Amino acid sequence: MSGPNPNDSLPPDRGMVTRLRLARLILGLEVLWPSLVWLASLAALFAALALFDLLPLLPGWLHAVILAVFIGVGLFLLRVMLRSKWPDQAAAARRLEQDSGLGHRPFQALGDRPALGDAALWDSHRQRMLDQVRRARLGWPRSDMAVRDPWGVRAGALLLLAVALSGGTHDAFPRLARALDPALVLPGLGPDEVQVWVTPPVYTGAPPQLLRPDQGDKAVLVPAGSAVLAVASGGWGEVSLDVDGVVVPIPPLEDGSRRLETRIQAGTRLAIRHWGRELVAWPLAVVADLSPSIDFTGVPEPAERGRLHMAVNAQDDYGLTRLWVEIRRLGAPVDETPLQVDLPLSAGRSKQVASSSWHDLTAHPWAGMPVLAQPMAEDALGQRGAGEPMALTLPERSFLNPHARALIDQRRLVTENRANAPGAMGIIDWLAVEPARFNNDMAAFLAMRLARHALSAPVFDLAEIQDLLWNAALRIEDGDLAAAEQRLEEARRALERGLDDNADAATLAGLLDQFQTALHRYLNALSERLGTLPTDLEAGAGAAIGADELQGMVQAMRDMAAIGARDGMRQMLRNMAGILDGLQTRVPQAPSAAATQAVRTLRDLAQRQQRLLEQSHRHSQPGTETPPPGAGASRQQDELAKILEGARRQLREGLGQEPLALDDAGQAMAQAAQSLRDDDWAGAAETQARALDTLSQGLRQSLDAMAAGALSMPGGLPRDPLGRPMGQGPGNGDDGATRVPDQAEMRKARAIVDELRRRAGEFTRPQAERDYLQRLLRQF
């Protein structure tokens, strides 16, 4: 009998057919299992080596050999597996018989055919075999890998893979790609030379750097936005630049070389590839440009002459280009344009700045209003940083002249509500109708008339009205000095902008001329102001202001411009601003008309009180004729008390205060009037004497107060030989960061510049040398 098919002799039993198919599948897997295990172990070993990134460290030829060995062994195992014989149905039946412990091979017996004999006996035999087959059960698959692999190579490969996965999963695909790409150098195909330059953005101030193949594993620090220049020469085939998997081909040039310029914003690895194969690579650390930071060092506070003192600390990783403060009104609409006040910033894009400055915002319509001030900083990339805002009240200027103060009050009312324009026009008309009220100043008169005409329009320009009324008030308060001071400030700011914009030498010379002219006119106006003080105040005037020193500082700036010392010019200009601020804080304030009239009234009042005192004294002497009733003298005393009250009111308007002695004088006059009504001439004489004494004290105190407001600047602040203020003060601005060259250094620098110019003009020198000298002289 020859191995019949068990399926042919089985009755229709779906469960038995299924068990035979499963048995055949298990036998097939047992046949293929050794090959599958060896293939999986080989793959695990290769994956472990790839994730450890060991193969790229080997020489290219050895890497290729190992790769070939893996491929060869894998193909061999695959061939063995494919050539394995799949088990047949008889083998599956025999497996069932073995797993179930069935004797006499019942599956095969069911396929036998009787040669002769009793049919009943044969059917009984078949039934017994069929009963055994139905009890057949399939056991678990069996493996003989323990015999085939006594050393446990398969377990070692899995262990290596587990260790490699713990540390290499973050960049598994690039490591696998490198493991499959041996760095074989094909003579004559790859580029002969590759250079990669990284040039940081100009604002960083960092130098370009050449990436060398032998730099090791240390990451190359690259500012974000850096330019990358890749140059390859020689060879054949495609050469590309790879940054974190972003591959850009390096285009060829006419001379056969290759050149590519691009920028890096992010990335951790830069590589040069030839036909996709990595030639050289560098780890990168791209450093992002951080936003600047800034904060107030204290709450902004008012300083002398109503200026606002603001001090900030700011810093940036590559340097600051602008500092300013944004000021917004509290409770103002969101879309209202804020006031921006620029803060001083030295040239050179300092990384850390401590700025302290004084700003005159008294002319702004928001002066005297509560505001919110927020410091701001900007870097070369345009990134902005904002500090913590602080609430404050903008300082406002105090006008002593009542007419100037009236204009400022109308300016504020019109700013708050345009509907107040008719009232403002009435006040302006009242002031303008008698120019003697403001010393017949035609500039102030014209400004008021222009403002009056503009206000009469149905729709007027509020900013124009504000400027006209402010300028008119300044003219009434300070006269020509205010205009001269404004022109000087404009010239100073123009010169400062020229230095910040790196203007050429000719432009700086013109700006210096304008500044010197404005300074000369300002000093002349200041001299006239000092010379027109009332006689009572001249005793308080000090010595000369030091105009020669100021003009000498301007000449020093000219010398610095000639040698290109722009930082020194900038610092000298700040020093001059500090000195001028000191001058302006001590400018004599001309006594207001109200204060002057009050002093005249007090003098006349003292004379009249003296005569009344003499009358009372005569009537109080014993032995004289019967004195007349005191009712008439009482009325005269009451009239003097009323005149005193008016003079006190004028002093409060003109000086902002009144002497305390005048209050005592008023009380004494009231007591004297009461004594006169009681016909007590002796008591009246006593209180009138006290009134006259306190009235004289009040007059002297009023004159002293006016003189204190009119004292001129003492003869110069302590200065070094260049005119720089020695010591601290508002506006000085010298934080020690910039050093002004002394006279010896400037002479030496000037001599060097002159020598460069002489050599540049010698035509016997080579053209290349003369071009170099001209480039050196370009900034001078």
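Heads up: the sequence shown begins at 1 in the UniProt record's numbering, then just goes up one per residue. Built from N, CA and C at the ideal position, the CB exists for glycine as well. Everything numeric in this text was worked out from a predicted model, so none of it was measured.
Could you check what DSSP says for Val599 in three-state terms: helix, strand or coil? For the purposes of this step, residue 599 is identified with residue 599 of the sequence shown, where counting begins at 1. Looking at Val599 - three-state DSSP - the assignment turns out to be helix.
When the Cβ atoms of the segment 294-314 are set against those of the segment 357-364, are three or more pairs found closer than 8 Å? Result yes; three or more Cβ-Cβ pairs closer than 8 Å.
Taking buried to mean at least 16 other C-beta atoms within 10 Å of its own C-beta, is Met442 buried or exposed? Taking the sequence shown and counting its residues from 1, one reaches residue 442 at position 442. Looking at its Cβ environment, which holds fewer than 16 other Cβ atoms inside 10 Å, Met442 is exposed.
Local conformation of residue 782 per DSSP, three classes: Residue 782 lies beyond the range of the chain shown here (1 to 780); nothing can be said about it.
Which of helix, strand or coil DSSP assigns to Trp197: By 1-based counting over the sequence shown, the position of residue 197 is 197. If DSSP states are grouped into helix, strand and coil, Trp197 belongs with the strands.
For Ala432 and Gln610, I'd like the C-alpha separation in whole angstroms. Along the sequence shown, read from residue 1 onward, the residue named residue 432 stands at position 432. Along the sequence shown, read from residue 1 onward, the residue named residue 610 stands at position 610. Each residue's Cα considered, the two are about 39 Å apart.
Please list the terminal residues of the continuous alpha helix (DSSP H) segment that includes Asn471. Working through the sequence shown from its first residue, we reach residue 471 at position 471. Taken as a continuous stretch (DSSP letters only), the alpha helix (DSSP H) holding Asn471 covers Leu462 to Asp478.
Three Cβ pairs or more, each shorter than 8 Å: is that satisfied between the segment 317-331 and the segment 228-237? no
If you draw a straight line from the C-alpha of Arg412 to the C-alpha of Gln671, how long is it? Here residue 412 refers to the residue found at position 412 when the sequence shown is read from its first residue. Here residue 671 refers to the residue found at position 671 when the sequence shown is read from its first residue. Cα to Cα, Arg412 sits roughly 44 Å from Gln671.
Kindly list the residues whose CB is nearer than 7 Å to the CB of Ser675, restricted to its own chain and excluding five residues on each side of it in sequence; keep chain order. The count along the sequence shown starts at 1 and reaches residue 675 at position 675. For Ser675, the CB contacts under 7 Å within the same chain, skipping 5 residues up- and downstream, are Gly683, Ala684 and Thr687 in chain order.
Going straight from the alpha carbon of Val220 to that of Leu284, what length do you get? Along the sequence shown, read from residue 1 onward, the residue named residue 220 stands at position 220. Along the sequence shown, read from residue 1 onward, the residue named residue 284 stands at position 284. So the alpha carbons of these two residues sit roughly 5 Å apart.
In the DSSP assignment, what residue or residues form a beta bridge with Asp295? What you label residue 295 is simply residue 295 of the sequence shown in a count that begins at 1. Its beta-bridge partners are Asn313.
Would Gln571 be called buried (16 or more neighbouring beta carbons within 10 Å of its own) or exposed? Working through the sequence shown from its first residue, we reach residue 571 at position 571. Gln571 should be labelled buried.
What is the C-beta distance between Leu450 and Leu468, in whole angstroms, given that I count them as a contact (C-beta under 8 Å)? Along the sequence shown, one-based indexing puts residue 450 at 450. Along the sequence shown, one-based indexing puts residue 468 at 468. The Cβ separation is near 5 Å, so the contact holds.
How far does the beta strand (DSSP E) with Ala266 in it reach, from first residue to last? Here the question's residue 266 lines up with position 266 in the sequence shown. No beta strand (DSSP E) holds Ala266; DSSP gives it neither H nor E.
What are the partner residues of Glu242, as DSSP defines its beta bridges? Along the sequence shown, read from residue 1 onward, the residue named residue 242 stands at position 242. One point to set straight first is that residue 242 is Asp, not Glu, in the sequence displayed. According to DSSP, Asp242 bridges with Val247 and Ala271.
Distance check for Leu381 and Val196, CA to CA, integer angstroms please. The residue given as residue 196 occupies position 196 in the sequence shown. The residue given as residue 381 occupies position 381 in the sequence shown. Using only the alpha carbons, I get a separation of about 25 Å.
Use the C-beta contact count for Glu658: other C-beta atoms within 10 angstroms, 16 or more gives buried, fewer gives exposed. Within the sequence shown, residue 658 is the residue found at index 658, counting from 1. Flag for Glu658 reads buried.
Since Gln607 and Ala661 are thought to touch, with beta carbons under 8 Å apart, how far apart are those beta carbons, to the nearest angstrom? The residue labelled residue 607 in the question sits at position 607 within the sequence shown. The residue labelled residue 661 in the question sits at position 661 within the sequence shown. So it is not a contact: roughly 17 Å between Cβ atoms.
Exposure label - Glu477; buried when at least 16 CB within 10 Å: For this step, residue 477 is matched to residue 477 along the sequence shown. Glu477 counts as buried, since no fewer than 16 other beta carbons sit within 10 angstroms of its beta carbon.
Use the C-beta contact count for Ile579: other C-beta atoms within 10 angstroms, 16 or more gives buried, fewer gives exposed. The residue given as residue 579 occupies position 579 in the sequence shown. Classification of Ile579: buried, given that the 10 Å Cβ count is 16 or more.
Euclidean distance between Cα positions of Leu339 and Arg493: As a position in the sequence shown, residue 339 is number 339, starting the count at 1. As a position in the sequence shown, residue 493 is number 493, starting the count at 1. When rounded, the distance between both Cα atoms is 18 Å.
Measuring alpha carbon to alpha carbon, tell me which of Glu261, Gly256 and Ser257 ends up nearest Asp242. In the sequence shown, residue 242 corresponds to position 242, counting from 1. Minimum Cα distance to Asp242 is reached at Glu261.
If you draw a straight line from the C-alpha of Glu193 to the C-alpha of Glu278, how long is it? Mapped onto the sequence shown, residue 193 falls at position 193. Mapped onto the sequence shown, residue 278 falls at position 278. C-alpha separation (whole angstroms): 14 Å.
Could you pull out every residue in the same chain whose Cβ sits closer than 6 Å to the Cβ of Asp181, ignoring the five residues on either side in sequence? Here residue 181 corresponds to residue number 181 of the sequence shown, with the count starting at 1. Closer than 6 Å at the Cβ level, and outside the excluded window around Asp181, lie Arg277.
Look at the alpha carbon of Thr764 and the alpha carbon of Arg758, and state the distance between them as a whole number of angstroms. As a first step, residue 764 is located in the sequence shown; it is residue number 764 there, counting from the start. As a first step, residue 758 is located in the sequence shown; it is residue number 758 there, counting from the start. Computed Cα separation, rounded: 12 Å.
Can you tell me whether DSSP reads Leu210 as helix, strand or coil? Mapped onto the sequence shown, residue 210 falls at position 210. Three-state DSSP puts Leu210 in a strand.
Taking only three categories from DSSP, how would you classify Gly385? In the sequence shown, residue 385 corresponds to position 385, counting from 1. It is a strand residue.
Spatially closest choice to Ala419 from Phe460, Phe46 and Leu49, by CA coordinates: Reading the sequence shown from its first residue, position 419 is the one you call residue 419. Answer by Cα proximity: Phe460.
Taking the alpha-carbon positions, what's the Leu161 to Gln352 distance? In the sequence shown, the residue the question calls residue 161 occupies position 161. In the sequence shown, the residue the question calls residue 352 occupies position 352. The C-alpha of Leu161 lies about 52 Å from the C-alpha of Gln352.
The beta strand (DSSP E) that contains His453, what's its start and end? As a working note, residue 453 is residue 453 in the sequence shown. From DSSP, His453 is part of no beta strand (DSSP E) but of the alpha helix (DSSP H) over Met442 to Leu455.
Beta-bridge pairing of Gln340 - partner residues as DSSP gives them: As a first step, residue 340 is located in the sequence shown; it is residue number 340 there, counting from the start. In the DSSP output, where bridge partners are listed per residue, Gln340 has Glu326.
May I ask you to report which of helix, strand or coil DSSP gives Trp430? Reading the sequence shown from its first residue, position 430 is the one you call residue 430. Looking at Trp430 - three-state DSSP - the assignment turns out to be helix.
Decide if the segment 291-304 is in contact with the segment 367-379; the criterion is three or more beta carbon pairs, one per stretch, under 8 Å apart. yes
Rounding to the nearest angstrom, what Cα-Cα distance links Ala206 and Val222 in this structure? Here residue 206 refers to the residue found at position 206 of the sequence shown. Here residue 222 refers to the residue found at position 222 of the sequence shown. Looking at the two C-alpha atoms, the distance is approximately 10 Å.
Consult DSSP for Gln621 and reduce its assignment to one of helix, strand or coil. Here residue 621 refers to the residue found at position 621 of the sequence shown. In the structure shown, Gln621 adopts coil according to DSSP, grouped into three states.
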